[in-house]
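Each residue of the sequence shown is one higher than the last, beginning at 0 in numbering that gives the first Met the number 0.
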Amino acid sequence: MMIPRPREAAVLGGTVTLHDGLVRHAPDDPRLGEEGYRIDVTPDGAELAAGGPAGRFYGLRTLAALGPEAPLCRITDRPAHSWRGVMLDVARHFMPKEFVLRLIDLLAVHRLNRLHLHLTDDQGWRLQIKRYPRLTEVSGEHYTQEDIREIVSYAADRFVTIVPEIEMPGHAQAAIAAYPWLGNQPSRHLPVWDSWGISPHVFNLEEVTIGFCRDVLDEVMDLFPGEYVHLGGDECPADEWERGEAALRRIAELGLPGPDAARAWFIATAGAYVASRGRRPIHWYDGPGGAPGVTAMTWLDHESGPRAALEGFDVVLAPHTSTYFDYPADTPGPHGRVLSLADVYGFTPPPAPEGATGRILGVQCQLWTEYMPTPEHVEAMAFPRLCAFAEVAWGTAGDYRDFLHRLSPHLESLGVRPGPVIP
Ligand code: ACM
């Protein structure tokens, strides 16, 4: 049976030979949910009902997986989580457009519906911004706006939404290398960073820098039609603001309690701009003090998701110990961590806590590429763990042995080059 499995499948005994004329499309039934569907296979043929176009897309794929000699059955299916995401870091190592398209196909097979592209960081800026051409001139390879239109449209045809991420106010050294006036020492020419970690060089707090972010976000929102725009926001050291006269003056002017509050202010300000254009901002949540009004992607641990929900944030769960596929699956790598296939399959996303109903939007796995220089590396780290994650996200992860049993033929049908499968 396919990956991910349907939520409910009753097999009735017997089969029917399906050909095109024997598949009927019932009108949409909103009770099934936007991404849900129902299939009835009877001796007279198959009937597919769906809650919307995405549900019909998934239903047709399930029907195809039943094969031409389909078992008589009733399948009722819908995802447990509306955000079923994969993040690809194209900043640390650029990934060619062709690979992004292939990855979108692989997401669609697994009914994952968000591809979050981490487009900028200390080590590179990978998105053409027409108003600020130096951003990509200093960074080498990048996506043109034409490339992005192709990626967005290819994804939409497969019910995958691209979530663009522009990092601010930290993880921004590549932008500061292009335009030193964005930094806290405007007369200093920094290079695009060439090592891993967290650069101490962050955006300054001046209105002109907020204006730069608004200009960039304008082009981003024109290119990416999805609801969410990711503003980064993680791991922003406040040292330059603590030491800088201009930053301290600005912090006082803004009435902030101190430099440590400036990161949340920056994200909330950019977030309000995104919201003013009818979109939703989202950020990496680094603990209490997250940016008000900005959806939280909680990566620190398992507890921070429910906690952020209780603080009033909408939440996407991305706890690193269960969802960071840059951690090797077998022996510890540069981070000193391991994330096995069994651990991914065993990840049980916590429900929204009492008092925060509906605030947990879903789950996301991450492919940070510091140590994945090529698409081949990414594929070997993504698979087979992405297959396990897909069942977690859809809500059908159950018996691990059964999953392993289904996995081998599934991987073969995908044609991917997976990393190790350790039962
Ligand atoms: C992160 O891993 N810094 C979001």
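Cβ atoms here follow ideal geometry from the backbone N, Cα and C, with glycine treated the same way.
**Report entry** Cβ-based burial, PRO417 [other Cβ within 10 Å; buried from 16]
**Finding:** buried
Requested in this report: Starting from GLU136, trace the alpha helix (DSSP H) both ways and give me its first and last residue.
Outcome: 133-136
**Report entry** Shell residues, 6 Å Cβ cut-off relative to heavy atoms of the ligand ACM
**Finding:** ASP233, GLU234, TRP283 and TRP298
Query raised in the report: With DSSP run on the structure shown, which of helix, strand or coil describes TYR272?
Result: DSSP places TYR272 in helix when its eight states are reduced to three.
Requested in this report: Return the CA-CA distance between GLY20 and ALA271, expressed in angstroms with no decimal places.
Outcome: Straight through space, the alpha carbons of ALA271 and GLY20 are spaced by roughly 52 Å.
Report task. Could you spell out the range, first to last residue, of the beta strand (DSSP E) harbouring PRO280? Result -> Run containing PRO280: 279-284, per the beta strand (DSSP E) assignment.
Query raised in the report: In the stretch 76-103, which residue ranges form an unbroken alpha helix (DSSP H) of at least 4 residues, counting only runs that do not cross its ends?
Result: none
Requested in this report: Output the distance between the C-alpha atoms of THR16 and GLU46, rounded to the nearest integer angstrom.
Outcome: Approximately 14 Å between the Cα atoms of the pair.
Query raised in the report: Excluding five sequence neighbours on each side, which residues of the same chain lie with their C-beta closer than 7 Å to the C-beta of ASP120?
Result: Excluding its 5 nearest sequence neighbours in each direction, ASP120 has C-beta neighbours in its own chain below 7 Å: ALA90, ARG91, GLU166, HIS170 and ALA173, listed in chain order.
Query raised in the report: Can you tell me whether ARG306 is buried or exposed, with buried defined as 16 or more other CB within 10 angstroms of its CB?
Result: buried
Query - C-beta atoms of HIS117 and MET86 nearer than 8 Å - result: Yes, these two residues count as a Cβ contact at 8 Å.
**Report entry** Sequence-distant residues of the same chain with beta carbon closer than 8 Å to ASP193, five excluded per side
**Finding:** GLN122
Report task. Whole angstroms is fine: what's the gap from PRO287's alpha carbon to ALA237's? Result -> ALA237 has its alpha-carbon roughly 16 Å from the corresponding atom of PRO287.
Query raised in the report: Could you check where the beta strand (DSSP E) with LEU116 kicks off and where it finishes?
Result: 113-117
Report task. Apply the 10 Å Cβ neighbour rule to VAL201 and answer buried if 16 or more other Cβ atoms are within range, or exposed otherwise. Result -> buried
Query raised in the report: Relative to the alpha-carbon of GLY84, which residue among PRO318, GLY354, SER186 and TYR370 has its alpha-carbon at the smallest distance?
Result: The residue with the shortest Cα to Cα distance from GLY84 is PRO318.
**Report entry** Sheet register partners of ARG37 (DSSP bridge)
**Finding:** ALA48 and THR75
Report task. Could you tell me if ASP300 is buried or exposed, where buried requires 16 or more neighbouring beta carbons within 10 angstroms of its beta carbon? Result -> Exposed, by the Cβ-count rule.
Requested in this report: With DSSP collapsed to three states, give me the class of TRP298.
Outcome: Correct three-state label for TRP298: coil.
Report task. Kindly identify the DSSP beta-bridge partner or partners of ALA424. Result -> Residue 424 cannot be examined here, being either before or after the span of the chain that is shown, 0 to 422.
Query - Nearest-angstrom beta carbon gap, ILE250 and LEU216 [assumed within contact, 8 Å] - result: No, LEU216 and ILE250 are not in contact; Cβ-Cβ is about 23 Å, not under 8 Å.
Query raised in the report: What's the gap between the Cα of THR184 and the Cα of PRO350?
Result: Just to set this straight, residue 184 is Gln in the shown sequence, not Thr. In a straight line, the C-alpha of GLN184 is about 45 Å away from that of PRO350.
Query raised in the report: With LEU348 and VAL362 assumed to form a contact (beta carbons below 8 Å), what rounded beta-carbon distance in angstroms separates them?
Result: Here residue 348 turns out to be Pro, not Leu, going by the sequence shown. Rounded, the Cβ-Cβ distance is 5 Å, consistent with contact.
Query raised in the report: ILE103 and LEU114: beta carbons closer than 8 Å?
Result: yes
Query raised in the report: If we ignore side chains and look at the alpha-carbon of each, how far apart do ARG55 and ARG133 end up?
Result: 44 Å
Query raised in the report: Mapping DSSP to helix, strand and coil, what is HIS18?
Result: HIS18: coil per DSSP, three-state reduction.
Requested in this report: Can you give me the start and stop residues for the alpha helix (DSSP H) that TYR399 sits inside?
Outcome: 399-413
Report task. Would you kindly check if the distance between the Cβ of VAL273 and the Cβ of HIS282 is under 8 Å? Result -> no
Query raised in the report: Rounded to whole angstroms, how far is the Cβ of VAL151 from the Cβ of LEU62, which I believe are closer than 8 Å?
Result: Not a contact, Cβ separation roughly 28 Å.
Report task. Report the residue from CYS235, ASP214 and LEU11 whose alpha carbon sits nearest the alpha carbon of THR41. Result -> LEU11
Query raised in the report: Of the choices ASP27, VAL391 and ALA381, whose alpha-carbon is the least far from that of LEU413?
Result: ALA381
Query - Collapsed DSSP secondary structure at GLU369 in the structure displayed - result: coil
Query raised in the report: Near GLY231, which residues of its chain fall below 7 Å by C-beta distance, leaving aside the five closest residues on each side in sequence?
Result: GLU164, ILE165, GLU166, MET167, HIS170, HIS282 and TRP283
**Report entry** Local conformation of GLN144 per DSSP, three classes
**Finding:** helix
**Report entry** THR320 - containing alpha helix (DSSP H), residue span
**Finding:** 319-322
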